[in-house]
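One structure is given below, encoded as structure tokens.
Protein chains in written order, with the working numbering: chain A, 1322 to 1747; chain B, 543 to 796.
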């Protein structure tokens, strides 16, 4: 019969089939678009658990402004929890507030507070357990033990949240954003403060941490262990109790962050311990007791960073190998570089040091005589911290000068063979 | 008091003092103009205050003593107590030096950088001027010969600015395994130059970035009680050498 159809009919049939497919798709799409939306008012807060059990997946639950007394609310199906201004979920110090255990859950615009502290379980404002594809967005979290806790989560996004607590002791306080055994997360634009660690990563891979502000935490701005293939870019870490620690990880990219105002002998702008193949570039280290501290690292690239007004800009321990330091500006630090032994196989060529006193006769922009950034006095202070009493005294100046003219004690290996005459534009 | 006035006015007429004030003006305003941040200029100025100021005070005070020796003999022939004369000479020299310091350093500092740390720097400079005037007077009363007296005064300056720090370094090398916190404080107080240097570093907020030992200093010297202690210690550094010198002067054979 088909054979009987002439050419016009064939075209018509093809058009009808296409139209049918299009209509099917459209109805399907409208079916997706016309998701059920349920409004919940504070007066209905006793029924929230039942509502969540009964609504079909992909329902949008909108909360009206008000105070909701909720704790340990478990969500296992893909829902959107949406707060329209001033929706407060109060945990009343009784436990975690939201527990997300499913896929594609979207939480937006809520204020969550008061989880209380327990030594038995880890209470969090929002806890994601084995969750996938969840989004936590525009959430204010106040006065919780942990802020957002991601356990065995993957492909989740934590964005534009504001997490603040008033932690008193490290023991009775949790982390603002806590990720454990997770992968492919995006942590972006969050502001966290007053917790134990601002951001805590353990066994987290392929994750990006972008543009967050982590300050005034009791311990670390970011605490990062056993986490490979991660990058953090454009974050600000300010006034944290112990700075930032990155340990036991490989292939980490640390770019364009600011590490500032970490003061104290055990405070490090950033501490790198047992790190392999790491890139630290474009960062600013300002006003830290120790700007950057490296121990047991392999193949760390320090490129185009600015070290300014630190006590010790860089402390590179002798256990590091293949460190490449290039294109950095060292300006106004008390000590540019310190080490506890000999540094073999490192490359310090091509940086700008404001303490460089050489000259550039052939005008190629690099100094003609090598610069050794480890001063005699910094070696002395490394060995005897009390010698800091003599900081800026004339005797120390004489010692440093005579050592620079006739080096005898300072390590010969740490040398910039091509020191830049002008600071780099970063 | 009349004596103080005469000594003071007599010294103010000296060209060296004017040159000193001009030098201070030039160097401090130059530093402020060169460096972009006034705090850095203050740190550079600190080095001047710690080295040049004591040196000039020592040399000027000791040479004054010898130059005014005939005047001293003349006055002592009058019914005037030796201690009064000595005291007025000390105050006259100290006041003249302080005035030229205030003039030379104070005006540029107050023009370019009005801050508490600038004020503390000026106070430290004044204190050091008086301390080293007293030390110079102590040195010269023990030596009749001019060269020897100035030599001793210079040696004392050299001791406080260089040798003392080297000795401290040696001491730290040998005892670095012991807890030295209190010892370190004592060592600081035993040298007015070190004391003023550390007070200034505290003021310029460098202690925060200097680690454990820095924290130690902040804890003690950063508080207002600490500052009072320092002030008291500096007063002692003026009073003790002066009293010793005065005792010697009243007893010695002119």
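Ideal Cβ placement from N, Cα and C applies to all residues, glycine included.
- For the region 1627-1660 of chain A, the set of positions with a beta-carbon nearer than 7 Å to some beta-carbon of chain B reads 1631, 1632 and 1655 in chain order.
- In the DSSP annotation of this structure, the continuous segment of the beta strand (DSSP E) that includes residue 1607 of chain A starts and ends at 1605-1607.
- Residues of the region 1439-1468 of chain A with a C-beta atom less than 8 Å from some C-beta of chain B do not occur.
- Secondary structure at residue 772 of chain B: helix, using DSSP grouped into helix, strand and coil.
- Judged by beta-carbon spacing, residue 602 of chain B lies within the 9 Å limit of residue 562 of chain B, meaning their Cβ atoms are closer than that value.
- The C-alpha of residue 1414 of chain A is placed about 58 Å away from the C-alpha of residue 1718 of chain A.
- Against chain A, the beta carbon of residue 704 of chain B has neighbours under 8 Å at 1715, 1716 and 1719, listed in chain order.
- Not a single CB atom of chain B sits nearer than 9 Å to the CB of residue 1613 of chain A.
- If you draw a straight line from the Cα of residue 771 of chain B to the Cα of residue 1430 of chain A, it comes to about 56 Å.
- Contact of residue 593 of chain B with chain A by beta-carbon distance below 7 Å involves 1715.
- Taking 8 Å as the Cβ-Cβ cut-off, the region 710-722 of chain B approaches chain A at 710, 711, 714, 715, 718 and 722, given in chain order.
- For the C-beta of residue 657 of chain B, not a single chain A residue is nearer than 8 Å; the gap to the nearest is close to 17 Å.
- By the neighbour-count criterion, in which 16 or more other beta carbons inside 10 Å mark a residue as buried, residue 1746 of chain A falls on the exposed side.
- C-alpha of residue 683 of chain B to C-alpha of residue 763 of chain B: approximately 35 Å in a straight line.
- If you look at residue 693 of chain B, you'll find it in the alpha helix (DSSP H) that goes 688-700.
- Interface annotation for the region 659-691 of chain B against chain A: empty, criterion Cβ-Cβ distance under 8 Å.
- Inclusion of residue 1542 of chain A and residue 1577 of chain A in the CB contact set at 9 Å is not warranted, their separation being larger than that value.
- The region 565-577 of chain B makes no contact with the region 1710-1717 of chain A; the number of CB pairs closer than 8 Å stays below 3.
- When secondary structure is reduced to three states using DSSP, residue 1619 of chain A falls in the strand class.
- Taking the Cβ atoms as the reference, residue 1737 of chain A lies roughly 7 Å from residue 1694 of chain A, within the contact range of under 8 Å.
- Within the region 1557-1592 of chain A, the complete beta strand (DSSP E) runs of at least 3 residues fall at 1557-1559, 1564-1571, 1574-1576 and 1579-1581.
- Residue 1539 of chain A carries a coil assignment under DSSP once its states are collapsed to helix, strand and coil.
- Note that the C-beta distance between residue 1417 of chain A and residue 1436 of chain A is below 9 Å.
- Restricting attention to A:1402, A:1613 and A:1452, the CA atom closest to the CA of residue 1360 of chain A is found in A:1402.
- Under the Cβ distance rule, residue 1706 of chain A counts among the residues neighbouring chain B, one pair being separated by less than 9 Å.
- Ranking A:1596, A:1487 and A:1611 by CA distance to the CA of residue 756 of chain B puts A:1611 first.
- Per DSSP, reduced to three states, the secondary structure at residue 665 of chain B is helical.
- Following the DSSP letters along the chain, one finds residue 1521 of chain A in no alpha helix (DSSP H) but inside the beta strand (DSSP E) bounded by residues 1520-1526.
- Taking 9 Å as the threshold, the shortest C-beta distance from residue 756 of chain B to chain A falls below it.
- Burial state of residue 774 of chain B is exposed, judged by a 10 Å Cβ sphere holding fewer than 16 other Cβ atoms.
- For residue 1438 of chain A, the number of other beta carbons within 10 angstroms of its own is below 16, and it is reported as exposed.
- Membership of residue 1491 of chain A in any alpha helix (DSSP H) is not indicated, and neither H nor E is assigned to it by DSSP.
- For chain A, none of the residues of the region 550-579 of chain B brings a beta carbon within less than 8 Å of one of its beta carbons.
- Exposure of residue 1680 of chain A is indicated by the presence of fewer than 16 other C-beta atoms within 10 angstroms of its C-beta.
- In the structure shown, the three-state DSSP call for residue 1635 of chain A is strand.
- Of all residues in the region 1577-1602 of chain A, the ones placed with a Cβ closer than 8 Å to any Cβ belonging to chain B are 1584, 1585 and 1586, in chain order.
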